[in-house]
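Protein chains in written order, with full-length UniProt numbering: chain A, 1 to 212; chain B, 1 to 212.
As structure tokens, the structure follows; a few thoughts come after it.
Number of protein chains: 2
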Amino acid sequence: MERKQEVSKAVVQRLPRYYRNICELKAEGVQRISSRALAERMGLTASQIRQDFNCFGGFGQQGYGYNVDKLQEELGAILGLRAGRTAVLIGAGNLGRALLNNFDFSASGFKLLCAFDANQELVGKKFGGHEVRSSSTLFEFVDRRKPDVAVLTIPRTHAPDLAHELVDHGIRGLWNFTGEDLHLEGLGVPVENVHLSDSLMTLCHLVGMEEA
Amino acid sequence: MERKQEVSKAVVQRLPRYYRNICELKAEGVQRISSRALAERMGLTASQIRQDFNCFGGFGQQGYGYNVDKLQEELGAILGLRAGRTAVLIGAGNLGRALLNNFDFSASGFKLLCAFDANQELVGKKFGGHEVRSSSTLFEFVDRRKPDVAVLTIPRTHAPDLAHELVDHGIRGLWNFTGEDLHLEGLGVPVENVHLSDSLMTLCHLVGMEEA
Numbered sequence: 001m002e003r004k005q006e007v008s009k010a011v012v013q014r015l016p017r018y019y020r021n022i023c024e025l026k027a028e029g030v031q032r033i034s035s036r037a038l039a040e041r042m043g044l045t046a047s048q049i050r051q052d053f054n055c056f057g058g059f060g061q062q063g064y065g066y067n068v069d070k071l072q073e074e075l076g077a078i079l080g081l082r083a084g085r086t087a088v089l090i091g092a093g094n095l096g097r098a099l100l101n102n103f104d105f106s107a108s109g110f111k112l113l114c115a116f117d118a119n120q121e122l123v124g125k126k127f128g129g130h131e132v133r134s135s136s137t138l139f140e141f142v143d144r145r146k147p148d149v150a151v152l153t154i155p156r157t158h159a160p161d162l163a164h165e166l167v168d169h170g171i172r173g174l175w176n177f178t179g180e181d182l183h184l185e186g187l188g189v190p191v192e193n194v195h196l197s198d199s200l201m202t203l204c205h206l207v208g209m210e211e212a
Numbered sequence: 001m002e003r004k005q006e007v008s009k010a011v012v013q014r015l016p017r018y019y020r021n022i023c024e025l026k027a028e029g030v031q032r033i034s035s036r037a038l039a040e041r042m043g044l045t046a047s048q049i050r051q052d053f054n055c056f057g058g059f060g061q062q063g064y065g066y067n068v069d070k071l072q073e074e075l076g077a078i079l080g081l082r083a084g085r086t087a088v089l090i091g092a093g094n095l096g097r098a099l100l101n102n103f104d105f106s107a108s109g110f111k112l113l114c115a116f117d118a119n120q121e122l123v124g125k126k127f128g129g130h131e132v133r134s135s136s137t138l139f140e141f142v143d144r145r146k147p148d149v150a151v152l153t154i155p156r157t158h159a160p161d162l163a164h165e166l167v168d169h170g171i172r173g174l175w176n177f178t179g180e181d182l183h184l185e186g187l188g189v190p191v192e193n194v195h196l197s198d199s200l201m202t203l204c205h206l207v208g209m210e211e212a
């Protein structure tokens, strides 16, 4: 697998979707798939898929399609899913607990070490097998255990200060649900800002378009 | 505001981000912004922004920048945020309750009418002011009140069947958190599939790239 120069952000953002679809194909027992069939499944064009995969040196032999096992392995490697990354979650409110109870962090390449919350009533409780610790012990924990990323499910107003402190303590990426846009440029580490409202506004637009 | 032919999916998906940033600028007291300043804020290029806005007939006068109030109004109109859409939420588990308690549906163009759950212990309770009703009354409610969209926060296995039933009862869009990819083609109505794992896998990849 040979990496070609800079891969565009758009391609990178399609990688998880490719990986997810390949995992589903594998679960369905599919062993080999053409770029055309994969394109149909994903609502893309076959040439788009070939172009994207070419950024990483190919994956397929002309006319034979892609081997699903091999593709899963290679895409997983590119995504870094087997690098043994670790995470902590900060803020065990409703959204935090929804993630603790239901979200499969390991399928996305992370071992979740534990959660933190300022509410003493939550401290010591477990959600989805993950312990909630007191937020007063957060930085000591981060210094000692060196988690790769922090999941921010705290109120928006606390986000910028906490993000900077976490980066000062060695956190190398943020999964940010606070609604406050945090940027790599300001922090020096990658951030994935989750804006659920963008998705619902898109739906609002699409429902209107169907009427037109 | 003149709509030019077909607007690409990529442009549509950037609209909510534009709208969100414009709302923030307005809250910050900004009245006018150049495409260059907006581009810097959003990590895009000025020509990208001008191109996107041209799909909808412009919005700005050359050399004067964009009027923030007017832009908010026009983008809001394009997104259909003031069309008075309504929604119901199905599945008041952790994720459903996180949305009920914390998510501002009205800012994304929807009035949330109520929630539904099969668990009788939740029925009658309120979360974020939204009542949970028995799922046995769901279709009767949908027939009578005709909500525009359904928010699916139910287990994955129930998603495809329920989606089809909802569409049969007149639901015109789905905001789908179940992890099961639902498609417009199969259902005949627009779907926004929320895959949080895609975002976390992207972060995993970006953290690895920073190391390289």
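All residues carry an ideal CB built from backbone N, CA and C; glycine is no exception.
Distance between residue j and residue i (C-alpha atoms, nearest Å)
i	j	result
B/PHE139	B/ALA163	12 angstroms
B/GLY57	A/ARG50	34 angstroms
B/TYR142	B/ILE90	Checking the sequence shown, residue 142 of chain B turns out to be Val, not Tyr. Each residue's Cα considered, the two are about 12 angstroms apart.
B/HIS158	B/SER135	13 angstroms
A/ARG20	A/GLU28	12 angstroms
A/LEU174	B/LEU113	34 angstroms
A/VAL194	A/ASN67	32 angstroms
B/GLN120	B/PHE127	15 angstroms
A/SER106	A/GLY96	16 angstroms
A/SER108	B/GLY63	46 angstroms
A/LEU25	A/GLY129	29 angstroms
B/ASP69	B/GLN31	7 angstroms
B/ARG41	B/ILE22	10 angstroms
A/ASP198	B/ARG17	6 angstroms
B/VAL12	A/LYS125	43 angstroms
residue 219 of chain B	B/GLY186	The question about residue 219 of chain B has no answer here: the residues shown for chain B are numbered 1 through 212.
B/ARG172	A/MET201	14 angstroms
A/VAL151	B/ASN101	19 angstroms
A/LYS9	B/ARG133	43 angstroms
Simplified DSSP assignment, three categories, for residue i
i	result
B/CYS204	helix
residue 238 of chain A	Only positions 1 to 212 of chain A appear in this structure, which leaves residue 238 of chain A out of reach.
A/LEU182	coil
A/CYS114	strand
B/LEU174	strand
A/MET1	The predicted model places A/MET1 with a pLDDT of 43, which falls under 50 and marks its position as unreliable, so this point remains unresolved.
A/TYR64	coil
B/PHE127	strand
B/ALA87	strand
A/GLU165	helix
Residue j beta carbon less than 8 angstroms from that of residue i
i	j	result
A/ARG145	A/PHE110	no
B/VAL88	A/LEU203	no
B/VAL189	A/GLU192	no
A/ARG156	A/GLU180	yes
B/ALA98	A/ALA98	yes
B/THR137	B/ILE154	no
B/ILE78	B/LEU122	no
B/GLY80	A/GLY208	yes
A/PHE116	B/LEU196	no
A/ASN176	B/ASN94	no
A/PRO160	A/LEU184	no
Short CB-CB distance (under 8 angstroms) between residue i and chain A
i	result
B/ALA83	yes
B/SER34	no
B/TYR18	no
B/LEU15	yes
B/GLU74	no
B/HIS164	no
B/LEU38	no
B/THR202	yes
B/VAL12	yes
B/LEU79	yes
B/GLU28	no
B/GLY173	yes
B/VAL194	yes
Contact with chain B by residue i, beta-carbon distance below 8 angstroms
i	result
A/GLY57	no
A/GLN5	Per-residue confidence for A/GLN5 stands at a pLDDT of 48, beneath the threshold of 50, marking its modelled position as unreliable; the derived number appears in the next sentence. So, not an interface residue.
A/HIS158	no
A/SER197	yes
A/GLU131	no
A/VAL207	yes
A/VAL189	yes
A/VAL68	no
A/SER47	no
A/GLU121	no
At a Cβ cut of 7 angstroms, what residues of the segment 135-150 of chain A count as close to chain B, listed as they run along the chain?
ASP148, VAL149
Using a Cβ cut-off of 9 angstroms, which residues of the segment 94-118 of chain A contact any Cβ in chain B, in chain order?
ASN94, LEU95, GLY96, ARG97, ALA98, LEU99, LEU100, ASN101, ASN102, PHE103, ASP104, PHE105, ALA107, SER108, GLY109, PHE110
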